[in-house]
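First residue of the sequence shown? That's 774 in our numbering, and the numbers climb one at a time after it.
Working notes for the structure below.
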Amino acid sequence: MSILRRAAGRLVHRGWGMVRTLGAVSPLSPAGYRFRHLGEGACLAFPVGAIFGEEWIEIGAHTLVGERVSISAGMGPGVDLGPDPIVRIGGSCSIGRGSHIVGHQSLVIGSHVFTGPYVYITDQNHVYDDPEVPIGRQWPRNNPVEIGDGCWLGAGAIILPGTRIGRQSVVAGGAVVRGEFPDHCVIAGVPARIVRTFTEEEGWHAPGVVRISKTAS
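As structure tokens, this is what we get:
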């Protein structure tokens, strides 16, 4: 009986492996041709999340999009968004499973950007200008988002409209980020703020901290 169970288990694992391979989206798969650009070696892992607006989505070479990652461009399928891409993800990125990337105007993720699972990035937010109209029925507001090359976004981070993050920066897990941040910084908290920065003279240090040289008398 145990031999039969082991054999059945091997068959199930082998079958699941084939399903994952066949279900993934790559540049040469039928679903891959729907994207504006899907670079060489790029892959959307199976099971694939909700994807729409592929004509306005670019994903660079050798980027891995994890399981159940949703990527959307525009308010919904069948809407003409114009000639330019809306969502651009650079090359050699890794997008953690269960993340959501929601673009309506311009959402740019640089190359070599890694994210943990369940990260949410959007360039659109609801408004509540009219107190007499349900918030969900008020026209939302867009503001472009840009994440620089080489950044790391921790699990559960939220990147809100209008955010610009410089190169080689870190966003701590669970941070809620809005605003402009320079290269080489660590961003954490709700709302997020800079907790560490890097300079050639000081290396990594907390902002506002003055280091005293060991040679000083």
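Here a beta-carbon is modelled for each residue, glycine too, at the ideal position from N, C-alpha and C.
Assumed close pair residue i, residue j - CB separation to whole angstroms, cut-off 8 Å
i, j, result
"Val838", "Ala823", "Contact flag wrong, Cβ pair sits at about 12 Å."
"Asn916", "Pro934", "4 Å"
"Val918", "Val943", "In fact, because the Cβ distance is near 17 Å, the residues do not count as touching under 8 Å."
Residue i to residue j span [Cα, whole Å]
i, j, result
"Pro964", "Gly947", "10 Å"
"Gly976", "Cys924", "18 Å"
"Thr970", "Val852", "42 Å"
"Val892", "Ile967", "19 Å"
Local conformation of residue i per DSSP, three classes
i, result
"Tyr901", "coil"
"Ala823", "coil"
"Trp789", "With a pLDDT of 42 at Trp789, under the threshold of 50, the predicted position of this residue should be treated as unreliable, though the coordinate-derived value follows. Reduced to three states, the DSSP call for Trp789 is helix."
"Trp912", "coil"
"Arg940", "coil"
"Arg969", "strand"
"Gly976", "strand"
"Ser775", "helix"
"Tyr806", "helix"
"Met813", "The sequence as given places Glu at residue 813; Met does not occur at that position. Correct three-state label for Glu813: coil."
Close beta carbons around residue i, own chain, < 7 Å, minus the five adjacent residues each side
i, result
"Leu811", "Pro800, Gly805 and Ile832"
"Arg793", "Interpretation of Arg793 is limited by its pLDDT of 47, a score under 50 that renders its predicted location unreliable; the figure taken from the coordinates is listed afterwards. Phe819, listed in sequence order."
"Thr988", "Because Thr988 sits at a pLDDT of 47, beneath the cut-off of 50, its placement in the model cannot be relied upon, and the following sentence gives the value as read from the coordinates. Excluding residues within five positions, none has a Cβ falling inside 7 Å."
"Ala797", "Cys816, Leu817, Ala818 and Phe819"
Spatial neighbours of residue i in its chain, beta-carbon cut-off 6 Å, leaving aside the 5 residues before and after
i, result
"Ser990", "Confidence at Ser990 is low in this model, with a pLDDT of 41, below 50, so the placement of that residue should be treated as unreliable; the coordinate-derived value is given next. No residues qualify anywhere along the chain."
7 Å Cβ cutoff met for residue i and residue j
i, j, result
"Pro955", "Gly939", "yes"
"His873", "Ser843", "yes"
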